[in-house]
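See structure below.
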Amino acid sequence: MTTFAEAVQAAIPEADDRTVDYVTFCRTSFPFGNVGVREVYRAAARVRRADEKGLRLCVWCNRLAEPPDDTCPTCAKAMALP
5 MTTFAEAVQA AIPEADDRTV DYVTFCRTSF PFGNVGVREV YRAAARVRRA DEKGLRLCVW
65 CNRLAEPPDD TCPTCAKAMA LP
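Start counting the sequence shown at 5; every next residue gets the next number (the working numbering).
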């Protein structure tokens, strides 16, 4: 059985424990949802592709983020308080 760490390292060969934790806890619904190894691999691949292109992902939804808050316009608008 493949572990989450192995899935992350398959997508990001140079991934250390910190990267594995970031992908697992910040880019998937783990530990609150039922997360499979395939979802972890896809999240890691998405992080790798964004990093290679010098892009940031929204901390809430994985869309392209805009500085300085690292949120996309949709999430920023949704979180704006009246």
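Just so you know, even glycine gets a beta-carbon here, dropped at the ideal spot from N, CA and C.
In the three-state reduction of the DSSP assignment, residue 28 falls in the helix class, which pools H, G and I. Excluding residues up to 5 positions away in sequence, 12 and 16 lie with their Cβ nearer than 7 angstroms to the Cβ of residue 23 in the same chain. Here residue 65 is exposed: its Cβ has fewer than 16 other Cβ atoms, across all protein chains shown, within 10 Å.
Under DSSP, residue 61 forms a beta bridge with 68. Under the three-state reduction of DSSP output, residue 75 falls in the strand class. Only residues of its own chain outside the window of five on either side were considered, and among them 12, 15, 16 and 27 have a CB closer than 6 angstroms to the CB of residue 48, listed in chain order.
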